[in-house]
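Everything on this sheet refers to the single structure shown next.
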């Protein structure tokens, strides 16, 4: 029995190989090649989401960095008014007048007629339209207040005390009244406003304005009062600051004699030209001779003017005068504005504004002269 068992065990060992031969390896490869190939499934959605999430993170990071690096660029609007009402409060163009002040002259829109006189003004026309009533006044009065300008608008805030002889509609107390001007060009020339209105609000404080006409426009929602300023005699010179042969001859004679009679018959602008020529030559004697004399004008006597160090021109003053003259040589148009029979302004553009040079008439000699503070 034992011998039979050994014999059977020997047969089994011979049947089971104990080594992995080359023949066995080839058989395994053939088996693998013959197996069916299954493609692995592609899961696109998770991959796409990953890309989107990654992109969003990049964008958020860029925005955050830009805000940190450039906070002003991202917060421009936050520095301004938070809403339109805030801005209106800052530059409120309206005027409210209170009846309790008891200083105003009033009229009734429904009963007023042409020819009626209210204060310093007379009604010259009344027009009733579908949605508004226009009442026109003419007269003469001076009112005081503040002029405001922006790029496209101009308004006036009057001092209520200066409206004592100004007509006001009875229903307009404690309402938003808009005071404005009917001729912006005349306003600019007469009161030295900027030639070009800018976006920023500009103002001229506490100015007195001569009023010759009022256009009172009444609607259901708003009352607008257009002011017409007093027209002044004006003359425009289309020429340069250089002296003509006639004026050059007068200048030479005046520089040698300082005789004011040589100035008789000269227009204010011509005296201004002579004064500018003296600036260009730094002729202090002629400059002093052209000054109007008298205690009322503050001009010192000749001895004080030329020997008191207080009146001696500094190098900076001389340089400014030369720069002023050079600027005048670039112009070819000047306006002569008569404020009265004895006072004139020479108006010309200067660095975006209107400059004005003042002359006063010496009535004793009947000639135009220069005050100490001539530039306006």
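Numbering (UniProt numbering), first residue to last: 1 to 376. Beta carbons: idealized from backbone N, C-alpha and C, even for Gly. Just so it is clear, the structure is predicted and the values come from calculations on it, not from any experiment.
In this structure, how does DSSP classify residue i when only helix, strand and coil are distinguished?
{"i": "residue 92", "result": "coil"}
{"i": "residue 45", "result": "Because residue 45 carries a pLDDT of 45, less than 50, the predicted location of this residue cannot be relied on, and the following value inherits that uncertainty. Correct three-state label for residue 45: helix."}
{"i": "residue 160", "result": "helix"}
{"i": "residue 369", "result": "strand"}
{"i": "residue 320", "result": "helix"}
{"i": "residue 296", "result": "helix"}
{"i": "residue 278", "result": "helix"}
{"i": "residue 110", "result": "coil"}
{"i": "residue 249", "result": "helix"}
Measuring alpha carbon to alpha carbon, tell me which residue in the options is nearest residue i.
{"i": "residue 290", "options": "303, 307, 281, 272", "result": "272"}
{"i": "residue 179", "options": "228, 282, 190, 186", "result": "228"}
{"i": "residue 127", "options": "354, 294, 216, 313", "result": "216"}
{"i": "residue 200", "options": "91, 304, 99, 122", "result": "91"}
{"i": "residue 170", "options": "338, 363, 107, 136", "result": "107"}
{"i": "residue 149", "options": "177, 242, 197, 123", "result": "197"}
{"i": "residue 386", "options": "328, 338, 339", "result": "Since the first residue shown for the chain is 1 and the last is 376, residue 386 is missing from the structure and cannot be characterised."}
{"i": "residue 98", "options": "168, 117, 113", "result": "168"}
{"i": "residue 174", "options": "293, 249, 222, 204", "result": "222"}
Around the C-beta of residue i, are 16 or more other C-beta atoms found within 10 angstroms, so that it is buried, or is it exposed?
{"i": "residue 332", "result": "exposed"}
{"i": "residue 72", "result": "Confidence at residue 72 is low in this model, with a pLDDT of 32, below 50, so its placement is unreliable and the value that follows should be read with caution. Result: exposed."}
{"i": "residue 276", "result": "buried"}
{"i": "residue 115", "result": "exposed"}
{"i": "residue 406", "result": "What is shown of the chain runs 1 to 376, which leaves residue 406 out entirely."}
{"i": "residue 308", "result": "exposed"}
{"i": "residue 386", "result": "For the chain, the structure presents residues 1 to 376; residue 386 sits outside this window and is missing."}
{"i": "residue 372", "result": "exposed"}
{"i": "residue 296", "result": "exposed"}
{"i": "residue 374", "result": "buried"}
Apart from the five residues just before and just after residue i, which ones in its own chain have a Cβ nearer than 8 angstroms to its Cβ?
{"i": "residue 279", "result": "287, 321, 322, 324, 325"}
{"i": "residue 164", "result": "103, 104, 105, 119"}
Quick one: what's got a C-beta closer than 6 angstroms to residue i's C-beta in the same chain, skipping five residues either side?
{"i": "residue 145", "result": "156, 157, 158, 159"}
{"i": "residue 361", "result": "342, 368"}
{"i": "residue 240", "result": "332"}
{"i": "residue 233", "result": "338"}
{"i": "residue 136", "result": "124, 125, 215"}
Go through its chain and collect everything with a Cβ distance to residue i's Cβ below 7 angstroms, but skip five positions before and after it.
{"i": "residue 268", "result": "336, 344, 346, 359, 368"}
{"i": "residue 305", "result": "288, 311"}
Would you be able to state if there are at least three C-beta pairs under 8 angstroms between the region 256-265 and the region 359-368?
-> yes
Any contact of the region 206-220 with the region 243-258, i.e. 3+ C-beta pairs under 8 angstroms?
-> no
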